[in-house]
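**Student:**
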Amino acid sequence: MDWRLTVTRVRERNKAEKRERIRLAALKLFAEHGYDATTLRDVAHEAHVALGTLSLYAADKRDLTLLVFNEITLEIMEHAIDLVRAADQPLDERILAFFSPFYRDWASNPRLARIFLQVNYYSGGMHGEEYKRTRRAVARQVELLVEDAIRKGEINPGETTEMIAQNFFLIFSATARFWIGGDDPVADEGIAYLGRLIKLQIVGLKPRPISSRAIKAVSPARPRSQAKKARMDG
Numbered sequence: 004m005d006w007r008l009t010v011t012r013v014r015e016r017n018k019a020e021k022r023e024r025i026r027l028a029a030l031k032l033f034a035e036h037g038y039d040a041t042t043l044r045d046v047a048h049e050a051h052v053a054l055g056t057l058s059l060y061a062a063d064k065r066d067l068t069l070l071v072f073n074e075i076t077l078e079i080m081e082h083a084i085d086l087v088r089a090a091d092q093p094l095d096e097r098i099l100a101f102f103s104p105f106y107r108d109w110a111s112n113p114r115l116a117r118i119f120l121q122v123n124y125y126s127g128g129m130h131g132e133e134y135k136r137t138r139r140a141v142a143r144q145v146e147l148l149v150e151d152a153i154r155k156g157e158i159n160p161g162e163t164t165e166m167i168a169q170n171f172f173l174i175f176s177a178t179a180r181f182w183i184g185g186d187d188p189v190a191d192e193g194i195a196y197l198g199r200l201i202k203l204q205i206v207g208l209k210p211r212p213i214s215s216r217a218i219k220a221v222s223p224a225r226p227r228s229q230a231k232k233a234r235m236d237g
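Here it is as structure tokens:
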């Protein structure tokens, strides 16, 4: 075996091991002490690496949160995909089933969830591109559900599936941030609220027949003078 190849493999393995130690150290300290109280020096000490070494794996503390949560998000997504893969449910229930594991995971450690949901509003840093890919992957899974619903005739949105999926994803993101900001976020309550918003969106996409009662209700009333004239003419 080429010794240079062996050296390269050892180096890559060492880098992967350091990266994982840093990720787990940050996860532990963020969970125990929160974002503000955790310093890069603390993480480096917990991971048994030099502060300069840590800077090779994360540009700053916010970037470190992406290193931690990108992997967690992908793990949750894989579980969510399994839940809806063969589910024979209406679109709103399938979308809600897909997003529910995120709420349940975040509710298990609100402090960690608040860091991820309330700190990360832009995609810079070493792990920003991975963060964007992760968000796109989640949105793509929602798009697949939308495409399936269109094939079944559940909805006829008159818009691209990508745009519809982004709509649901943004509702999920905004609602999750609102929910996690509470004092004691309960997963079932957050999921139920999200379900109402998703259903509202889907009902708005469906064509609905207008009843005669509704037509009468929205018909403009005639002025009294016109009504009186009509009676006299009759």
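When the letters of the sequence shown are read in order and numbered with the numbering used here, they come out as residues 4 to 237. For glycine and all other residues, C-beta sits at the position ideal for the given N, C-alpha and C.
With DSSP run on the structure shown, which of helix, strand or coil describes residue 58?
**Tutor:** coil
**Student:** Whole angstroms is fine: what's the gap from residue 29's alpha carbon to residue 131's?
**Tutor:** 17 Å
**Student:** If you follow the alpha helix (DSSP H) that residue 185 is part of, which residue opens it and which one closes it?
**Tutor:** From DSSP, residue 185 is part of no alpha helix (DSSP H); its letter is neither H nor E.
**Student:** Cutting at 7 Å between CB atoms, please list the residues of its own chain near residue 169, excluding the five before and the five after it.
**Tutor:** Taking C-beta separations shorter than 7 Å and ignoring five residues to either side along the sequence, the partners of residue 169 in its chain run 142, following chain order.
**Student:** What three-state label does DSSP hand residue 161 in the structure shown?
**Tutor:** coil
**Student:** How should residue 92 be labelled, buried or exposed, when 16 other C-beta atoms within 10 angstroms of its C-beta is the threshold for buried?
**Tutor:** exposed
**Student:** Does the region 23-37 come within contact of the region 53-69, defined as at least 3 CB pairs closer than 8 Å?
**Tutor:** yes
**Student:** Could you name the residues of the same chain whose beta carbon sits closer than 6 Å to that of residue 116, not counting the 5 residues immediately before and after it, in chain order?
**Tutor:** 109 and 183
**Student:** Residue 25 and residue 99: beta carbons closer than 8 Å?
**Tutor:** no
**Student:** Return helix, strand or coil for residue 82, following the three-state DSSP convention.
**Tutor:** helix
**Student:** Skipping 5 residues on each side, what residues in its chain have a beta carbon closer than 8 Å to that of residue 101?
**Tutor:** 83, 84, 86, 87, 144, 145 and 148
**Student:** Does the Cβ-Cβ distance between residue 47 and residue 53 come in under 8 Å?
**Tutor:** yes
**Student:** Can you check which of these residues, 195, 59 and 185, is closest to residue 175 by C-alpha distance?
**Tutor:** 195
**Student:** Closest to residue 73 by CA distance: which of 189, 152, 23 and 162 is it?
**Tutor:** 23
**Student:** Count the other CB atoms within 10 Å of the CB of residue 228; is the residue buried (16 or more) or exposed (fewer)?
**Tutor:** Summary for residue 228: the model assigns pLDDT 46, below 50, so the residue's position carries little reliability; its value from the coordinates is reported in the next sentence. Exposed, by the Cβ-count rule.
**Student:** Check residue 51 in the structure and name its three-state DSSP category.
**Tutor:** coil
**Student:** With a threshold of 8 Å between beta-carbons, can residue 128 be considered close to chain C, or not?
**Tutor:** Here chain C cannot be found, since the structure has a single protein chain.
**Student:** Do residue 107 and residue 190 have their C-beta atoms closer together than 8 Å?
**Tutor:** yes
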